[in-house]
Amino acid sequence: MLSHYSSTCEWCGDAGPGEMAGGRQGNPQSTTYPLRRYVAYRCSHCQEMTAYEHVGTDLKTIAHHKSRAPKGSRR
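Just so we're on the same page, the numbering used here is the position in the sequence shown counted from 1, plus 9.
Below, the structure is given as structure tokens:
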């Protein structure tokens, strides 16, 4: 599913691994409410979090959250 995804943080460059979560919403047989797939990534070092939507084979950024936690807090 995410074989082409790099675990390196795009914000601080930490090699990871970070934390990932995935989900989906919708109905694959519906034309008005199609199935959409999502993945979220949080860097264990800088705590930056980004949510993506699968669009074909690409990941489209849909949200970004800059944490107020200190870098390296690993909370």
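Quick reminder that beta carbons are idealized off the backbone N, C-alpha and C, glycines included.
Computed from a predicted model, the values in this text were never measured in an experiment.
The beta carbon of C21 is closer than 8 Å to those of C52, H54, C55, E57 and K80 in its chain, skipping five residues each way along the sequence. Scanning R45, M29, A72 and E28 for the CA closest to the CA of N36 turns up R45.
Nearest in C-alpha terms to T17, of all of T40, T59 and G32, is T59.
With a cutoff of 8 Å on beta-carbon distance, R33 and Y50 are scored as not near each other. Here the C-alpha atom of S39 lies approximately 25 Å from the C-alpha atom of A30.
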